[in-house]
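Visitor:
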Amino acid sequence: MLAFLTRRLLQILPTIVLVSMLIFGLQQLLPGDPALIMAGEDRDPAVLAQIREQYRLNDPVPVRYFYWAKGVLAGDLGESMRLKAPVASLVEQKLPVTLQLAAMALMFALGIGIPAGIVSAVKKETAWDYGANVFALWGLSTPNFWLGILLIFLFSVTLHWLPASGYVPLGEDWRQSLGTTIMPAFVLGNALAAVLMRHTRGAMLQAMGADYVRTARAKGLQEGRVVLKHALRNAMTPVITLGALEFGTLLSGAVLTEQVFTIPGFGKLIVDSVFNRDYAVVQGVVLVTSTIYILLNLLADIAYMLVNPRLRG
Amino acid sequence: MTVALPASAETAQSAREENPWARAWRRLRRRKGALVGLAVVVLFIVLALLAPWVAPYDPVATSWSLVRKAPSWAHWFGTDEVGRDVLSRIIWGARASLGAGVVSVGIAAGVGVPLGLLAGYAGGWIDAALSRLVDAMLAIPFLILAIALAAFLGPSLGNAMIAIGITATPVFVRLTRGQTLAAKVEDYVEAARAVGNPHWRIALRHVLPNIVPPLLIQVSLAIAGAIIAEAALSFLGLGQQPPAPSWGSMLNTAQRFIGQAPWMAIWPGVAIFAAVLSFNLLGDGLRDALDPRHK
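Going down the list, the sequences are from chains R and F. Mapping of the first sequence onto our numbering: position 160 corresponds to residue 166, and the numbering continues sequentially without gaps. Mapping of the second sequence onto our numbering: position 234 corresponds to residue 238, and the numbering continues sequentially without gaps.
In structure tokens, the structure reads:
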């Protein structure tokens, strides 16, 4: 186990370094002089000189990357030009909002996707199975920003049940917090529910055809017990691992959901920064999101190792 | 002298002689979902190509007397906040969406397939370097990378296509590399090598044609992903710029008028949904038709 962990950690280190290079390299795509772009309306030569000095724009790219990476390792992700605040502190403020949204979305996805997958596999080729497959196709093909707009129309504009936008922190008032996040969390979890449903169905069908399930049936166990105690327990291993892995993609999907519901999270921060040409924030947010994603991959691998005894040896 | 074969043997022989593409088409035709998907994809392509003749109105012509009119016989899908015909904008928007889907996947496959073929066939340090780069790119969530690229390149439909194309490339590299690794140990590749074919010829003439089916499936599914990605970037204001029509940017505007003119949000969303669903159905059908192991 220790050898596996060491090997995986050694594997992700070069990946993180390469990701950081790619993200730093994005700056090179900016057309023209980056100092002019960063200065915005202000074309004062003194300001431009200060920007060039501050961001080491006169140095070669590898040197600039070295200083940037050195700062990142020390927890310095740069400074927001617009908000005049360190990017790291912005990340610290916004990340919990997105994590709450992603965690709720994951709960929705698990709560809908897994039962739907089980029913679909157990009732294979019945109306239940077709219904679950239609749901999966709907989930995979619906843009979440459109679903969000439709839900706002139904639950906020027409029924006045839920607020259309805004966010209340969980620690401030949990009821209002749930009220402001329940709709966006459902929207965010919708596609993942479809993915989990498909995987659960596939894993359950495989498990239901396995020898141990046939043996359990031959022993005269009730069908419900066979499904839940024998097939499901074995089918869940890859599904739970996938759930951990997909948590990272929820961070990405949150960009659109937060935009639709005006939630001040990580996604809204990146979009606002894009439009304000606050490139240090864009780089910082992409770097943090990617690092979380890589670490979740590692956690998923470890979880898979822990629950699958055959891989532990 | 001719020997009459028993009916079953004759069928088996004709099945053996059947062209693999004809067999795939026969299998695809059996799947109703895939056929519906194919029909809708063809319909969208026809609409996009014939937009100037099919669209009932000019998609950018505004009219202050027609602001936010509900669907009617004159305007089937209603009008938008400046009196433009929603149906005409959806028909013209098909060009942006399908164009983005095809061009960005073209970029992804055009770059990713040769690189994957090179990595898989050459092996060694080339494979190691390309694989690490692909791992790094796949470690950045798809939409976040597409947004960051589009942001740094500048907002426009062309740049959005490039951003989506670059973001989708690593999947093609990884898929092609894996398929190449599996194909290059096959007997027919060994035979091609034994008769003295140069490496480039073996890779292009023997390996590549045999890995086309999984790539074709990936193309279909990637177009669905690219259509959603283009709509997402346009929704955020990073894709097609106003007043040119695009389904994503139409949804962006519609959001502000959802209380007064819900039709502005419904139809562009239905168009994205239908296009993405069709490519997904077609991709699923192709997978079943081209890969007999997958059921």
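In this text, a Cβ means the ideal position worked out from N, Cα and C, and glycines have one as well. This structure is a prediction, so every number in the text was calculated from the model and none was measured.
1) Along chain F, which residues have their Cβ under 9 Å away from the Cβ of phenylalanine 192(R)?
2) Can you grab the Cα-Cα spacing for the pair tryptophan 77(F) / arginine 30(F), in whole Å?
3) Let's test the definition: count the other Cβ atoms within 10 Å of the Cβ of histidine 166(R) and tell me whether it reaches 16, buried, or not, exposed.
4) I need the straight-line Cα distance from phenylalanine 281(R) to alanine 236(F), nearest angstrom please.
5) Between proline 174(F) and chain R, is any beta-carbon pair separated by less than 8 Å?
6) Tell whether a beta-carbon distance below 8 Å holds between isoleucine 269(R) and valine 291(R).
7) Note down, in chain order, every chain F residue with its Cβ under 9 Å from the Cβ of glycine 259(R).
8) Can you tell me where the alpha helix (DSSP H) with tyrosine 125(F) in it begins and where it stops?
9) Find the nearest neighbour of leucine 305(R) within the set Gly254(R), Glu229(R) and Asp39(R), judged by alpha-carbon distance.
10) Pick out whichever of Lys100(R), Asp307(R) and Leu312(R) has its Cα sitting closest to the Cα of arginine 13(R).
11) Which residue from Met311(R), Thr297(R) and Ala309(R) puts its Cα closest to that of leucine 19(R)?
12) How about alanine 38(F): is its C-beta nearer than 8 Å to some C-beta of chain R?
13) Pull up the CB-CB distance for methionine 110(R) and alanine 241(R), whole angstroms please, since I reckon it's below 8 Å.
14) Once you ignore the five residues that flank phenylalanine 261(F) on each side, which residues in its own chain have a CB closer than 6 Å to its CB?
15) Work out the CA separation of valine 223(F) and arginine 291(F) for me, nearest whole Å.
16) Tell me, to the nearest whole angstrom, how far the beta carbon of leucine 211(F) is from that of tyrosine 125(F); I am working on the premise that it is less than 8 Å.
17) With a threshold of 8 Å on Cβ separation, who are the neighbours of valine 193(F) within its own chain once the five nearest residues in sequence on each side are excluded?
18) I'd like to know if proline 266(F) contacts chain R, where contact means its C-beta is closer than 8 Å to some C-beta of that chain.
19) So with Cβ pairs under 8 Å, would you call valine 7(F) a contact of chain R?
20) Pick helix, strand or coil for threonine 180(F), following the three-state DSSP scheme.
21) Measuring CB atoms only, is the stretch 135–145 of chain R touching the stretch 194–201 of chain R, in the sense that at least three cross pairs come out at less than 8 Å?
22) Check the Cβ of tyrosine 299(R) against every Cβ in chain F and list those closer than 8 Å, keeping chain order.
23) Would you say phenylalanine 253(R) reaches chain F, if we count a Cβ-Cβ gap shorter than 8 Å as a contact?
24) Would you mind working out which of Leu179(F), Gln183(F) and Gly116(F) sits nearest glycine 169(F), comparing C-alpha positions?
25) Counting beta carbon pairs with one atom in the stretch 89–103 of chain F and one in the stretch 127–136 of chain F, are three or more of them shorter than 8 Å?
26) So is tryptophan 152(R) buried or exposed if we call it buried at 16+ other beta carbons inside 10 Å?
27) Suppose the cutoff is 6 Å on Cβ atoms and the five residues either side in sequence are ignored; what does the same chain contact list for valine 71(F) look like?
28) Mark glycine 230(R) as exposed unless 16 or more other C-beta atoms lie within 10 angstroms of its C-beta, in which case mark it buried.
29) Any contact between the stretch 242–259 of chain F and the stretch 268–277 of chain F? By contact I mean 3 or more CB pairs, one from each, below 8 Å.
Guide: Reading from the atomic positions:
1) None at all; the shortest Cβ gap to chain F is about 16 Å.
2) 42 Å
3) With fewer than 16 other Cβ atoms within 10 Å, it is exposed.
4) Each residue's alpha carbon lies about 15 Å from the other.
5) no
6) Taking 8 Å as the Cβ cut-off, isoleucine 269(R) and valine 291(R) do not qualify as a contacting pair.
7) Pro145 and Leu147
8) 90–126
9) Gly254(R)
10) For the set Lys100(R), Asp307(R) and Leu312(R), the Cα lying nearest the Cα of arginine 13(R) is the one of Asp307(R).
11) Minimum Cα distance to leucine 19(R) is reached at Thr297(R).
12) So no, alanine 38(F) is outside the interface.
13) About 25 Å; that fails the 8 Å criterion.
14) Glu85 and Met268
15) 11 Å
16) What sits at residue 211(F) in the sequence shown is valine, not leucine. That pair is a contact at about 7 Å.
17) Ala187, Ile206, His210 and Val211
18) yes
19) In this prediction, valine 7(F) has a pLDDT of 48, which is less than 50 and means its spatial position is unreliable; nothing more can be read from the coordinates.
20) helix
21) yes
22) For a Cβ distance threshold of 8 Å, residue set Ala143, Ile144 and Pro145 of chain F lies close to tyrosine 299(R), ordered along the chain.
23) no
24) Closest in alpha carbon position to glycine 169(F), among Leu179(F), Gln183(F) and Gly116(F), is Gly116(F).
25) no
26) By the neighbour-count rule (16 or more Cβ atoms within 10 Å), tryptophan 152(R) is buried.
27) Gly87
28) exposed
29) The stretch 242–259 of chain F vs the stretch 268–277 of chain F: in contact.
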